Amino acid sequence: CVMLHLFAEARAHCAVVQEQITRVLLERLIVNRPHPWGLLITFIELVKNPRYEFWKKPFIHCTPEIQRLFDNVGQSCIGGLPKNRLLQTVVAGAAAGDSPLAPAHGQS
4 CVMLHLFAEA
14 RAHCAVVQEQ
24 ITRVLLERLI
34 VNRPHPWGLL
44 ITFIELVKNP
54 RYEFWKKPFI
64 HCTPEIQRLF
74 DNVGQSCIGG
84 LPKNRLLQTV
94 VAGAAAGDSP
104 LAPAHGQS
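Written out as structure tokens, the structure reads:
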């Protein structure tokens, strides 16, 4: 996929490109279903494949709200998070006094 190739080739000097690619994919995933098949496959590959180091990107952790958003979308797409990400999310939410794994308002 061209998007994954661009994401992989945009190293630290082009972190803005990685953030923009992620933003576009995420915007399409947030809207109501059904999602295009290629969108789902691309996002799942991005978050699951260690080659992309998706969960280590600084824009994922810029605020607790953004981090929870990515965690929720990741759970929705791949049915769960890697154990270390899930633990980090739960600990961060407990420290903030809320439940980071709770669905957003209006979702069930």
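4 is the number of the first residue of the sequence shown in this note's numbering; add one for each residue after it.
Beta carbons are placed, not taken as given, at the ideal position from N, Cα and C, and that holds for glycine.
Quick caveat, the model's predicted, so the values are computed rather than measured.
Pull up the distance between the alpha-carbon of residue i and that of residue j, whole angstroms please.
i: Val19; j: His38; result: 25 Å
i: Glu68; j: Val34; result: 18 Å
i: Ile47; j: Arg36; result: 16 Å
i: Gln70; j: Lys59; result: 11 Å
i: Asn75; j: Leu32; result: 11 Å
i: Glu30; j: Glu12; result: 22 Å
i: Gly77; j: Leu43; result: 11 Å
i: Cys17; j: Leu72; result: 23 Å
i: Cys65; j: Gly41; result: 27 Å
Using only alpha-carbon positions, find the residue among the options that is nearest to residue i.
i: Lys51; options: Cys17, Ser79, Val5, Ala13; result: Ser79
i: Arg14; options: Leu43, Leu72, Pro61, Leu42; result: Pro61
i: Leu28; options: Val5, Cys17, Glu12; result: Val5
i: Thr25; options: Thr45, Glu68, Pro67; result: Thr45
Does the distance from the C-beta atom of residue i to that of residue j stay below 8 Å?
i: Leu49; j: Leu7; result: yes
*Inter-stretch contact at 8 Å, needing at least 3 Cβ pairs: the segment 48–64 / the segment 18–36*: Contact between the segment 48–64 and the segment 18–36 is present, with at least three C-beta pairs closer than 8 Å.
*For the segment 25–64, list the alpha helix (DSSP H) runs that are entirely contained and at least 4 residues long, ordered along the chain.*
If we require 4 residues or more, the alpha helix (DSSP H) runs fully inside the segment 25–64 come out as 40–51.
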